[in-house]
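Peer 1: Quick one: structure below, then a few questions.
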Amino acid sequence: MYSVLIVDDEPWIAYGIKRLIDWDSLGFTVIGEAHNGVAALEIILDKKPDIVLSDIRMPGLDGFELLDCINQNKLETKVILISGYSEFEYAQKAVRLGAVDYILKQIDKDTLISSLMRVKDLLQQKQQALKVLDTSLYDLFELFGTDTKIKICDFLTNKRMEFVDPYYRLITFIYQTTTVSNPEEVITFNGIKCIRFRTGQNKISILINYDESKKPIDSLDLTSFELANAECIGISSLGESSTPISKLYQESDIAVLSSSFISGCKVIKYQSAQITDSLTRVLLSIEVAIKEQKQDKINKGLEDLLDKCREHSLLIDQVTNIYNQLVSLIHKYYRNSDRVKGIEYLTYYQGARSFHSIEEIFDKIKMFFVEQPQEELFITNEMVKTIIDYINSHFTEEILLTTLAQKFNMSIGYLSVLIKKETGTTYTEYVTQKRLNMAKELLSDSKLSVYEIVRRVGYKDYFHFNKLFKKYFGLTPSKYRKI
């Protein structure tokens, strides 16, 4: 059944539309009525109906404005606009804004049925396409998973593909908007044979086969590829046919997620993690300063460490490695402090999604050492409830802990402690659990593809979502759905 919301400022007309046809027999269910655009938008944002049947002329928000709001919120809802006016300009504007149909009052029963069935066909086509994408992405999840050791040669043999050059790299592109390429296809670029995969909502990865001695990677103008509008590009290390394909994917993923941490770089090459002697010496000096409780030396050590991270252009996996070593020192020397509960270890993916820069990562550590316990006196139970309520209402959005701290005018570290006390988990864990529990509920709706659910619960990376779901519930979303 596809859900429908009827919107008209005249209740008797909305009632008449609802009684005009046998919705159930056609595969639709009317979930409600709204009598102005503002009320309609609230219902749409909450219930996300498949179809909105809306009058154009209404108080608050008219039909065009309502359609524009649906587009701005990137909802998949299909809109049929209704008007008492037959001017061609109205129909033109409706199509330009993305309405799937435009029908006139008084609404004819056959016209309404014809319009709805056309929308139903569109929804079914999309469902089928997403199911194909689900299968493809699940196969890629199995292929690119960190535990998978499938070699490039075995992958190509299984696909019955012949690639003749000796070397391989995997290149990942991230976009601001959703990508629309096929899940998997073989292409040629500058004479180089490639396989292109869609690896996320706004992510494409390409396995290229070439001869590094004849065409070094630095000589390839990747931004001139048809992916010129990519926000950032991550390149794996050099691989051979015996290299696990998952290794190259993870390297390209780390590189592309490091774009926020290396200013001015759109194309980033993966470099293996190395903690240099100079970094080790700074970490040791920070540990000594912590032992001696020398705040000025702790601050200087953290500043030196930050400078060296910038100097060496460390990637996100290397930065989070250093961050985790600092967290380990905090847990070692402050294990009896409640504030330790707000300092958790990070994976490279969490680091990339939780912070916008290296400075923000180090600021979280710095705040631990400068916070005063007296801050607790200014936080009431009512304020804590307000914070948790806000998280519960916005957990599908990408809200950083730093943004939340600014909104409620408190330090990141202390906010972390409050959340841990109230929920028993860290902020990241709490949001993850909320999203995954919501995903479990949505999986019961067979109309929704896993890919669609990933987007609805607030994730952009299909592989990351699958990995989290499997970690928390013991099986992948696709397998859970079959239980």
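Residues are numbered in our numbering as their position in the sequence shown, beginning at 1, plus a constant of 13.
The C-beta atom is built at its ideal place from N, Cα and C for all residues, glycine as well.
Return helix, strand or coil for V470, following the three-state DSSP convention.
Peer 2: Translated into positions along the sequence shown, residue 470 becomes position 457. Coil at V470, not helix or strand.
Peer 1: In chain order, which continuous runs of the alpha helix (DSSP H) of length 4 or greater are located wholly inside the segment 386 to 470?
Peer 2: 394 to 407, 414 to 420, 425 to 436, 440 to 455, 463 to 469
Peer 1: Leaving out the 5 sequence neighbours to the left and right, which residues in its chain are closer than 7 Å to Y15 when beta-carbon positions are compared?
Peer 2: Here residue 15 is taken as the residue at index 2 of the sequence shown, counted from 1. The residues are G40, F41, D63, I64, K133, L136.
Peer 1: On the premise that A53 lies in contact with L18, defined as a C-beta separation below 8 Å, what is that separation, rounded to the nearest angstrom?
Peer 2: Translated into positions along the sequence shown, residue 18 becomes position 5. Translated into positions along the sequence shown, residue 53 becomes position 40. Yes, they are in contact, since the Cβ atoms of L18 and A53 sit about 7 Å apart, within 8 Å.
Peer 1: Scan the segment 251 to 330 and note each continuous beta strand (DSSP E) run of 3 residues or more that stays entirely inside, going in chain order.
Peer 2: 280 to 282, all fully within the segment 251 to 330.
Peer 1: Quick one: what does DSSP say D160 is sitting in, helix, strand or coil?
Peer 2: The count along the sequence shown starts at 1 and reaches residue 160 at position 147. If DSSP states are grouped into helix, strand and coil, D160 belongs with coil.
Peer 1: Since F382 is in the alpha helix (DSSP H), which residue starts that stretch and which ends it?
Peer 2: Taking the first residue of the sequence shown as position 1, residue 382 is located at position 369. Start and end: 371 to 383.
Peer 1: Quick one: Cα of S429 to Cα of Y440, how far?
Peer 2: For the purposes of this step, residue 429 is identified with residue 416 of the sequence shown, where counting begins at 1. For the purposes of this step, residue 440 is identified with residue 427 of the sequence shown, where counting begins at 1. About 6 Å.
Peer 1: Hey, quick one: how far does the alpha helix (DSSP H) through Y358 stretch, first residue to last?
Peer 2: The sequence position of residue 358 within the sequence shown is 345, counting from 1. Unbroken run through Y358: none, as it is neither H nor E.
Peer 1: Could you give the distance in angstroms between the alpha-carbon of R70 and the alpha-carbon of V43?
Peer 2: Translated into positions along the sequence shown, residue 70 becomes position 57. Translated into positions along the sequence shown, residue 43 becomes position 30. Approximately 21 Å, taken between the alpha carbons.
Peer 1: Given Y180, which residues of its chain have a CB within under 8 Å of its CB, disregarding the five upstream and five downstream residues?
Peer 2: Residue numbering aside, residue 180 sits at position 167 when the sequence shown is read from its first letter. Excluding residues within five positions, the ones whose Cβ falls inside 8 Å are N222, Y223, D224, E225, L251, G252, E253.
Peer 1: Go through its chain and collect everything with a Cβ distance to I200's Cβ below 7 Å, but skip five positions before and after it.
Peer 2: Residue 200 sits at position 187 when you count from the first residue of the sequence shown. Excluding residues within five positions, the ones whose Cβ falls inside 7 Å are C207, R209.
Peer 1: For I69, report the span of its alpha helix (DSSP H) as first-last.
Peer 2: Residue 69 sits at position 56 when you count from the first residue of the sequence shown. Judged by DSSP secondary structure, I69 falls outside any alpha helix (DSSP H); it is assigned neither H nor E.
Peer 1: According to the neighbour-count rule (16 or more other Cβ atoms, all chains shown, within 10 Å of its Cβ), is Y98 buried or exposed?
Peer 2: As a working mapping, residue 98 is identified with position 85 in the sequence shown. With fewer than 16 other Cβ atoms within 10 Å, it is exposed.
Peer 1: I want to know whether the segment 154 to 174 touches the segment 255 to 263 - three or more CB-CB distances under 8 Å.
Peer 2: Verdict: yes, contact present.
Peer 1: If I measure Cβ to Cβ from T124 and keep anything under 7 Å in the same chain, skipping five residues before and after, which residues do I get?
Peer 2: Within the sequence shown, the letter at position 111 stands for residue 124. If we look at T124 and ignore the five residues flanking it on each side, its Cβ neighbours are I116.
Peer 1: What residue from L449, T289, K279, S285 has the CA that sits closest to L318's CA?
Peer 2: Locating residue 318 in the sequence shown gives position 305, counting from the first residue. Of L449, T289, K279, S285, the residue nearest in Cα terms is T289.
Peer 1: Using 10 angstroms around the beta-carbon of Q331, count the other beta-carbons present and answer buried if the total reaches 16, otherwise exposed.
Peer 2: Working through the sequence shown from its first residue, we reach residue 331 at position 318. It is buried - the Cβ of Q331 has at least 16 other Cβ atoms within 10 Å.
Peer 1: Less than 8 Å between the C-beta atoms of L342 and I299, yes or no?
Peer 2: For this step, residue 342 is matched to residue 329 along the sequence shown. For this step, residue 299 is matched to residue 286 along the sequence shown. Yes. Within cutoff.
Peer 1: Strictly by DSSP, which residues pair up with L94?
Peer 2: Position 81 of the sequence shown, counted from the start, is the residue given in the question as residue 94. S67, Y115.
Peer 1: Please classify N422 as buried or exposed, where buried requires at least 16 other C-beta atoms within 10 Å of its C-beta.
Peer 2: Here residue 422 corresponds to residue number 409 of the sequence shown, with the count starting at 1. Exposed, because fewer than 16 other Cβ atoms sit within 10 Å of the Cβ of N422.
Peer 1: The alpha helix (DSSP H) with N171 in it runs from where to where?
Peer 2: If you number the sequence shown from 1, residue 171 lands on position 158. 165 to 171 is the span of the alpha helix (DSSP H), which, as asked, contains N171.
Peer 1: If we ignore side chains and look at the alpha-carbon of each, how far apart do I466 and I374 end up?
Peer 2: Residue numbering aside, residue 466 sits at position 453 when the sequence shown is read from its first letter. Residue numbering aside, residue 374 sits at position 361 when the sequence shown is read from its first letter. Here the alpha carbons of I374 and I466 stand approximately 30 Å from one another.
Peer 1: For F486, which of helix, strand or coil comes out of DSSP?
Peer 2: By 1-based counting over the sequence shown, the position of residue 486 is 473. Secondary structure at F486: helix, using DSSP grouped into helix, strand and coil.
Peer 1: Within 10 angstroms of its Cβ, does M380 collect 16 or more other Cβ (buried), or is it exposed?
Peer 2: Taking the sequence shown and counting its residues from 1, one reaches residue 380 at position 367. Result: buried.
Peer 1: Taking contact to mean at least 3 C-beta pairs separated by less than 8 Å, is the segment 435 to 450 in contact with the segment 479 to 487?
Peer 2: yes
Peer 1: If you follow the alpha helix (DSSP H) that Y223 is part of, which residue opens it and which one closes it?
Peer 2: Sequence index remark: in the sequence shown, residue 223 carries index 210 (1-based). Premise fails: Y223 lies in the beta strand (DSSP E), 216 to 223, not in any alpha helix (DSSP H).
Peer 1: Which partner residues of G50 appear in the DSSP bridge assignment?
Peer 2: The residue given as residue 50 occupies position 37 in the sequence shown. Per DSSP, none; premise fails for G50.
Peer 1: Count the other CB atoms, across all protein chains shown, that sit within 10 Å of the CB of Y358; report buried if there are 16 or more and exposed otherwise.
Peer 2: Here residue 358 refers to the residue found at position 345 of the sequence shown. It is exposed - the Cβ of Y358 has fewer than 16 other Cβ atoms within 10 Å.
Peer 1: Can you list, in chain order, the residues of its chain whose CB lies under 7 Å from that of S265, leaving out five sequence neighbours each side?
Peer 2: Residue mapping note: residue 265 aligns to position 252 of the sequence shown, counting from 1. Within the same chain, Cβ atoms closer than 7 Å to the Cβ of S265 are found at L183, I184, T185, S218, G247, I248, S249, Y283, the five residues on either side in sequence being excluded.
Peer 1: Ignore the nearest five residues each way along the sequence and tell me which others in P72's own chain have a CB closer than 7 Å to its CB.
Peer 2: Numbered from its first residue, the sequence shown carries residue 72 at position 59. Closer than 7 Å at Cβ, skipping near neighbours: D22, N49.
Peer 1: Go ahead and label V340 buried or exposed: buried means 16 or more other beta carbons lie within 10 angstroms of its beta carbon, across all protein chains shown.
Peer 2: Residue 340 sits at position 327 when you count from the first residue of the sequence shown. With a threshold of 16 other beta carbon atoms within 10 Å, V340 meets it and is buried.
Peer 1: So I120 and I30 are supposed to be a Cβ contact under 8 Å. How far apart are they, rounded?
Peer 2: As a first step, residue 120 must be located in the sequence shown, where it is residue number 107. As a first step, residue 30 must be located in the sequence shown, where it is residue number 17. Yes, I120 and I30 are in contact; Cβ-Cβ is about 6 Å, under 8 Å.
Peer 1: By how many angstroms is the C-alpha of A112 removed from the C-alpha of Y493?
Peer 2: On the sequence shown, residue 493 is found 480 positions in, with the first residue counted as 1. On the sequence shown, residue 112 is found 99 positions in, with the first residue counted as 1. Distance between the alpha carbons of Y493 and A112 is about 35 Å.
Peer 1: Relative to the alpha-carbon of Y472, which residue among G213, D81, S38, K122 has its alpha-carbon at the smallest distance?
Peer 2: Against the sequence shown, residue 472 aligns to sequence position 459. The shortest Cα separation from Y472 among G213, D81, S38, K122 belongs to G213.
Peer 1: Name, in chain order, the residues that DSSP records as bridge partners for Y493.
Peer 2: Against the sequence shown, residue 493 aligns to sequence position 480. According to DSSP, Y493 bridges with nothing at all.
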